[in-house]
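Have a look at the structure below before the remarks.
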Amino acid sequence: MNQKAIIKYILNLVNSTSGKCPYHENHKLPILFAFEQGKILENIGICSQVSFVRYMQGRKTLGVDPKLFIKDLWFEKVPVRIYQPKVPSASQRRGVMFFHGGGWVFGSLETHEKLCRSIARESESVVVSVGYRLAPEHKYPAAYEDCLNATIHFMKNVEHYGVDPARIIICGDSAGGNLAAAVSQTLAGRSDLPKLCAQILIYPGLQALDFNLPSYQQNQGVPLLFRERAAFYMLQYLNGNASNLEEVLEGSHIPIDIKLNYRKWVSPDNIPEKFKVRGYKPHVLLDCTTEVYETVKRFCEPNLCPLLAEDALIQQLPETFMLTCEYDVLRDDGLLYKKRLEDNGVRVTWYHLEDGFHGIINSFNNDWLSFSSGKRGLDNIMNFLKSL
């Protein structure tokens with residue numbers, strides 16, 4: 001079988017999973033299938049897994065939306081897609097900067113198109129989705145800088161889009177939640193720009209010091225984000241490769257003295273006991289070699305791991321909506337950040353999906369498979385937005 005035939009065969013297999021699928025038969029998740037087939041193509045030397053999954057994610061396009069003006073633009077050399085409600089407004093609208101998820105490696109303007117359209121329509125807000133550069137081709141801080149620069153450009157030009165400068169919100173899911181938190185922290189001290197109205201963090205990944213917190217242990221094999229993949233993506237974002245993955249997973253990548261310094265913020269002791277009942281085994285602190293630490297020492301930078309920002313900065317952050325899911329390795333990142341925000345006097349609206357898993361919000365209205373809990377989560381996000 002030649003290469004063209006192999007690719008055609010695999011595409012047909014993936015397409016066969018994209019039809020209607022009842023809830024109880026959700027084991028054939030197309031995205032997971034694409035990952036597996038991408039690995040096969042990589043192993044036989046046809047293309048990389050990353051390239052194949054990105055291709056599959058970008059294949060589906062949506063038609064014209066009768067309720068929205070949608071336009072692709074460039075903000076400071078960063079591609080963005082702006083969604084503006086067609087219905088007239090008597091006053092200036094909210095402006096939502098949206099950063100998509102995908103582990104800094106996947107995701108695009110297209111993968112979160114349906115979600116951004118829904119936010120713009122239902123909340124009657126102007127939404128700007130940012131197509132930031134992806135790893136491993138573009139390492140940290142490329143994605144962060146793109147999101148920051150696009151947001152600053154928008155803040156300086158809100159009058160062109162009918163947006164109230166006092167009602168600018170930053171929003172992101174997963175890796176996008178990480179970027180939203182980092183950008184929000186950076187802008188907190190900027191007196192030359194409008195003050196952010198709020199930040200919306202949807203199951204964000206906020207630290208890379210401890211991949212053995214309760215949620216990482218309990219949900220290590222739960223789709224769509226496995227524990228090993230969470231560390232893998234963080235390393236891809238940082239270094240463009242997954243070297244030292246084993247050390248990061250076991251916790252031997254950061255010196256003990258540095259871990260103890262951050263233990264006041266990154267610790268299972270700060271997580272409510274009810275989130276440990278599904279199982280948790282305390283992890284023994286392991287030291288690391290200088291060579292390993294040198295490759296990952298930037299994990300201690302708040303622009304990469306916002307949970308590690310100093311209290312003086314956290315105190316300046318805007319009102320926050322935090323969404324977490326019970327069956328998500330990143331659950332405890334959100335819980336720890338929620339505590340830090342509240343301890344520093346920041347108002348937090350928290351919504352926890354007891355039956356939710358990572359990535360569920362972006363599947364709230366999937367053509368072949370949707371989850372009621374995803375719709376509940378999105379409804380709560382909308383209610384928060386409308387209150388601003």
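Per the numbering used here, residue 1 is the first one in the sequence shown, and the count goes up by one each step.
From the three backbone atoms N, C-alpha and C, an ideal C-beta is built for every residue, glycine too.
Integer Cβ distance of residue i from residue j, believed to fall under 8 Å
i, j, result
"proline 453", "asparagine 383", "Residue 453 lies beyond the stretch modelled for the chain, which goes from 1 to 388, so this question has no answer here."
"valine 78", "aspartate 173", "With a Cβ gap of about 19 Å, valine 78 and aspartate 173 do not count as contacting."
"lysine 276", "proline 214", "5 Å"
"aspartate 328", "asparagine 219", "6 Å"
"alanine 198", "leucine 388", "6 Å"
"leucine 196", "isoleucine 168", "6 Å"
"leucine 224", "histidine 112", "Incorrect: roughly 14 Å between the Cβ atoms, too far for contact."
"cysteine 305", "leucine 206", "6 Å"
"alanine 182", "glutamate 76", "In fact, because the Cβ distance is near 17 Å, the residues do not count as touching under 8 Å."
Contacts around residue i, its chain only, beta-carbon distance under 7 Å, and the 5 residues preceding and following it disregarded
i, result
"leucine 341", "Ile314, Leu317, Thr320 and Val348"
"glycine 240", "Ala135, Pro136 and Lys139"
"tyrosine 256", "Just to set this straight, residue 256 is isoleucine in the shown sequence, not tyrosine. These residues qualify, in order along the chain: Leu285 and Asp287."
"tyrosine 262", "Leu209 and Leu308"
"leucine 73", "Val80 and Ile82"
"lysine 71", "Ile82"
"glutamate 247", "His253, Cys288 and Val292"
"lysine 339", "Asn270"
"aspartate 333", "Pro204, Gly205, Leu206, Gln207 and Leu307"
"aspartate 65", "Arg117"
Where residue i falls: helix, strand or coil (DSSP)
i, result
"alanine 398", "Residue 398 is absent from the model: the chain starts at 1 and stops at 388."
"glutamate 360", "It is worth fixing the name first, because residue 360 is isoleucine in this sequence and not glutamate. Residue state, collapsed to three classes: coil."
"lysine 297", "helix"
"isoleucine 256", "helix"
"threonine 290", "helix"
"proline 268", "helix"
"lysine 339", "helix"
"lysine 77", "coil"
"aspartate 355", "strand"
"glycine 95", "strand"
"isoleucine 6", "Here isoleucine 6 scores only 48 on pLDDT, less than 50, and its place in the model is too uncertain to base an answer on."
"leucine 378", "helix"
"serine 373", "helix"
"valine 248", "helix"
"glutamine 49", "helix"
"phenylalanine 226", "coil"
"leucine 68", "strand"
"serine 89", "coil"
"glutamine 218", "helix"
"serine 118", "helix"
"tyrosine 237", "helix"
"serine 243", "coil"
"lysine 262", "The question names lysine, but residue 262 in the sequence shown is tyrosine. Reduced to three states, the DSSP call for tyrosine 262 is helix."
"serine 393", "Residue 393 lies beyond the residue range present for the chain, which begins at 1 and ends at 388; the question has no answer from this structure."
6 Å CB neighbourhood of residue i in its chain, flanking five on each side removed
i, result
"aspartate 355", "Ser373"
"arginine 93", "Ser125, Val126, Gly162 and Val163"
"proline 165", "Val158 and Pro194"
"isoleucine 202", "Asp173, Gly177, Leu323 and Ile361"
"histidine 352", "Thr324"
"lysine 386", "Ser123"
"asparagine 380", "Tyr351"
"leucine 249", "Phe211 and Ala231"
"asparagine 344", "Asp311, Ile314 and Gln315"
"phenylalanine 98", "Cys116, Val127, Ser129 and Cys171"
"tyrosine 132", "Ala143, Asp146 and Cys147"
"arginine 121", "Lys67"
"leucine 109", "Arg81, Ser129 and Gly131"
Distance cut-off 7 Å: residue i Cβ against heavy atoms of the ligand SAM
i, result
"arginine 298", "The ligand SAM is absent from the structure shown, which contains no ligand whatsoever."
Test: residue i CB closer than 8 Å to a CB of chain C
i, result
"isoleucine 152", "Considering every chain present, this structure includes no chain C. It has just one protein chain."
Contacting residues, own chain, Cβ-Cβ under 8 Å from residue i (five flanking each side not counted)
i, result
"proline 272", "Leu335"
"valine 346", "Ile314, Gln315, Leu317, Pro318, Glu319 and Thr320"
"phenylalanine 226", "Gln220 and Val329"
"serine 87", "The question names serine, but residue 87 is valine in the sequence shown. Only Lys67 and Glu124 meet the Cβ criterion."
"proline 282", "Pro268"
"leucine 245", "Glu228, Ala231, Phe232 and Leu235"
- Query: Whole beta strand (DSSP E) runs in the stretch 302-337 with 3 or more residues, listed along the chain?
  - Reply: 319-327
message = Check whether the stretch 183-190 and the stretch 289-299 touch, using three or more Cβ-Cβ pairs below 8 Å as the test.
response = no
TODO: Could I get the ranges of all uninterrupted beta strand (DSSP E) runs contained in the stretch 134-213, with 3 residues as the minimum, in chain order?
DONE: 163-173 and 198-202
Tell me, please, whether the stretch 231-240 touches the stretch 102-120 by the rule of three or more beta-carbon pairs shorter than 8 Å. yes
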